[in-house]
Amino acid sequence: MRSLVLSGGGARGCFEAGVLYELFDKIKFDNISGTSVGALNTMILAQCYIDNDKSLLKEVWTEMIKKNKDVFKKNYFKTVIGNPPYKFSPLRKKIQNKINFQKIIDFKERKVMVTAVDLKSGKTIIFSNQDKNITAENLLDATIASSSAPPAFQPIKINEYQLVDGGVRDNVPVHHLIDNPEYDSAIVILCNPEDIQIEKEIPNSLLKVGFRVIDIMMNEITRNDVNNILRLNSILADLKGKFSKNEWLKNKDILKVKIICPEEPVSDDSLNFIQEKLIKGFETGIEKAKEFLNNNPIV
9 MRSLVLSGGG ARGCFEAGVL YELFDKIKFD NISGTSVGAL NTMILAQCYI
59 DNDKSLLKEV WTEMIKKNKD VFKKNYFKTV IGNPPYKFSP LRKKIQNKIN
109 FQKIIDFKER KVMVTAVDLK SGKTIIFSNQ DKNITAENLL DATIASSSAP
159 PAFQPIKINE YQLVDGGVRD NVPVHHLIDN PEYDSAIVIL CNPEDIQIEK
209 EIPNSLLKVG FRVIDIMMNE ITRNDVNNIL RLNSILADLK GKFSKNEWLK
259 NKDILKVKII CPEEPVSDDS LNFIQEKLIK GFETGIEKAK EFLNNNPIV
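Quick note on numbering: the sequence shown equals residues 9 to 307 in the numbering used here.
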């Protein structure tokens, strides 16, 4: 069974969406998981599968979002009293109008998952359309929570959890695939290049310094997530040849992973939702997907 894994990356999720747009008619996935903006793209893609129409990916990223205020709004007064400066209320309204979360829950052909991190336990929490007690409101909240990067956005409460951006722990949510022998291959789409880019200018404000620090941290988390899978594959390949009768190894299979990522950042800021840059990033994703398909005719 083939899996799709979508990383976080804020506004750079336009690249991810462009890749998905191009792959839509060529590759079908049995399992889709995403973190942060990858969670949003997971839900958009699920809706596209339900409608059998990929146009929503393009609509959201090249038409619906024109500027920052279409995604989040500033919380000036509450910031003064110590609350986070932004909230996702505009994005929440928009995706409620475009995505039918109840239909995604009823859509059993594919498993759809998003991740967030619980501030109380520090653990990654996975929300799936196949969870027994999941509700449409829970799935919407989990999608918003998965993108709620601290300290810019406030945590989202779902049941007993206080949830923040899933990228805090797992910016590339692949770990759950390792323990499930049904999944033998995965395509991972990264919003950012695998290596952190050198900034041309020194950040000139406290907020920009904060976002640069977050970029550095997320890049390191992403690299670790990807490298851990590749390293585990190497270890499994070596051990299976030497200990073929080991009980633990019988339930562990090599996960064939292919990675698609941009060669350079498609946006200078993960919170810079400017339509011109989103369109360019979306088109870059399409071209990268075409290149991927040319190099991987059988995936």
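For each residue, glycine too, the CB sits at the ideal point set by N, CA and C.
Exposed unless 16 or more other CB atoms sit within 10 angstroms - verdict on E67: Reading the sequence shown from its first residue, position 59 is the one you call residue 67. Exposed, by the Cβ-count rule.
Cα-Cα separation, E190 to S154: Here residue 190 refers to the residue found at position 182 of the sequence shown. Here residue 154 refers to the residue found at position 146 of the sequence shown. Those two C-alpha atoms are separated by around 26 Å.
Inter-residue spacing [alpha-carbon to alpha-carbon] between N1 and N137: No answer is possible for residue 1: it lies beyond the span of the chain, which begins at 9 and ends at 307.
Opposing strand residues paired with A194 [DSSP bridges]: Within the sequence shown, residue 194 is the residue found at index 186, counting from 1. The partner list for A194 (beta bridge, DSSP) reads S11, V265.
Contact between the region 30 to 48 and the region 119 to 133 (3+ Cβ pairs under 8 Å): yes
Touch test, the region 125 to 132 against the region 172 to 186, Cβ-Cβ under 8 Å, three pairs minimum: yes
Backbone secondary structure at I142 - three-state DSSP: Taking the first residue of the sequence shown as position 1, residue 142 is located at position 134. Note: I142 maps to coil in three-state DSSP.
Per DSSP, cross-strand counterpart(s) of A124: As a first step, residue 124 must be located in the sequence shown, where it is residue number 116. I133, D173, per the DSSP bridge assignment.
DSSP three-state assignment for N39, whether helix, strand or coil: Taking the sequence shown and counting its residues from 1, one reaches residue 39 at position 31. Here N39 sits in strand by DSSP.
Rounded straight-line distance, which links the Cα of K140 to that of A19: For the purposes of this step, residue 19 is taken as residue 11 along the sequence shown, with counting starting at 1. For the purposes of this step, residue 140 is taken as residue 132 along the sequence shown, with counting starting at 1. Cα-Cα distance, rounded: 32 Å.
9 Å Cβ cutoff met for F80 and F96: Translated into positions along the sequence shown, residue 80 becomes position 72. Translated into positions along the sequence shown, residue 96 becomes position 88. Going by C-beta atoms, F80 is nearer than 9 Å to F96.
Spatial distance of I73 from D126 (CA atoms): Sequence index remark: in the sequence shown, residue 73 carries index 65 (1-based). Sequence index remark: in the sequence shown, residue 126 carries index 118 (1-based). Whole-angstrom Cα-Cα distance: 29 Å.
A310 and Y29 closer than 9 Å at C-beta: Nothing can be reported for residue 310: it is not among the residues displayed for the chain, which extend from 9 to 307.
Cβ neighbours of I197 in the same chain (closer than 6 Å, five flanking residues each side left out): The count along the sequence shown starts at 1 and reaches residue 197 at position 189. Setting aside the 5 residues that flank it on each side, I197 is surrounded in the same chain by L14, E24, V27, I268, each with a C-beta closer than 6 Å to its C-beta; the list follows chain order.
Own chain residues within Cβ distance below 7 Å of P159, not counting five before or after: As a working mapping, residue 159 is identified with position 151 in the sequence shown. Closer than 7 Å at the Cβ level, and outside the excluded window around P159, lie P92.
Check whether T143 and I113 have beta carbons under 9 Å apart: In the sequence shown, residue 143 corresponds to position 135, counting from 1. In the sequence shown, residue 113 corresponds to position 105, counting from 1. Against a cut-off of 9 Å, the Cβ pair of I113 and T143 comes out as a contact.
Rounded C-alpha distance that separates E295 from D78: Start at 1 with the first residue of the sequence shown, and residue 295 comes out as number 287. Start at 1 with the first residue of the sequence shown, and residue 78 comes out as number 70. Between E295 and D78, the alpha-carbon positions lie close to 26 Å from each other.
Alpha-carbon to alpha-carbon, D173 and A157: To locate residue 157, count along the sequence shown from 1; it is residue 149. To locate residue 173, count along the sequence shown from 1; it is residue 165. Rounded to whole angstroms, the gap between the alpha carbons of A157 and D173 is 5 Å.
Boundaries (first-last residue) of the alpha helix (DSSP H) holding K285: The sequence position of residue 285 within the sequence shown is 277, counting from 1. Counting along the chain, the alpha helix (DSSP H) containing K285 begins and ends at 283 to 303.
Neighbourhood of K75 by C-beta distance below 8 Å, restricted to the same chain and skipping five residues each side: For this step, residue 75 is matched to residue 67 along the sequence shown. Taken in chain order, the residues that qualify are F281, I282, Q283.
Pick from K285, I166, N302, P181 that is closest to V265, judged by C-alpha positions: Reading the sequence shown from its first residue, position 257 is the one you call residue 265. The shortest Cα separation from V265 among K285, I166, N302, P181 belongs to P181.
Buried versus exposed call for D149 [16 or more other C-beta atoms within 10 Å across all chains shown]: To locate residue 149, count along the sequence shown from 1; it is residue 141. By the neighbour-count rule (16 or more Cβ atoms within 10 Å), D149 is buried.
Local Cβ density within 10 Å of S275, reported as buried at 16 or more and exposed below that: Sequence index remark: in the sequence shown, residue 275 carries index 267 (1-based). S275 sits buried, since 16 or more C-beta atoms from the chains shown fall within 10 Å of its C-beta.
Helix, strand or coil at K77 according to DSSP, with G and I counted as helix: Along the sequence shown, one-based indexing puts residue 77 at 69. Helix, per DSSP.
I107 to P273 span [Cα, whole Å]: Reading the sequence shown from its first residue, position 99 is the one you call residue 107. Reading the sequence shown from its first residue, position 265 is the one you call residue 273. Straight-line Cα distance between these residues: approximately 28 Å.
Nearest residue (CA-CA) to F32, options M51, G16, D61, N105: Position 24 of the sequence shown, counting from 1, holds the residue named residue 32. Ranking M51, G16, D61, N105 by Cα distance to F32 puts D61 first.
Neighbourhood of A47 by C-beta, 6 Å cutoff - its chain only, sequence neighbours within 5 removed: Residue numbering aside, residue 47 sits at position 39 when the sequence shown is read from its first letter. Answer for A47: V122, T151, S154, listed in chain order.
Backbone secondary structure at F161 - three-state DSSP: Residue numbering aside, residue 161 sits at position 153 when the sequence shown is read from its first letter. It is a strand residue.
Of the residues N146, D277, G17, the one placed nearest E168, counting alpha carbons only: Reading the sequence shown from its first residue, position 160 is the one you call residue 168. Checking every option, the nearest Cα to that of E168 belongs to N146.
Among L286, F161, L12, the one whose alpha carbon lies nearest that of K82: Position 74 of the sequence shown holds residue 82. Out of L286, F161, L12, F161 has the C-alpha closest to the C-alpha of K82.
Helix, strand or coil at P270 according to DSSP, with G and I counted as helix: As a first step, residue 270 must be located in the sequence shown, where it is residue number 262. Here P270 sits in coil by DSSP.
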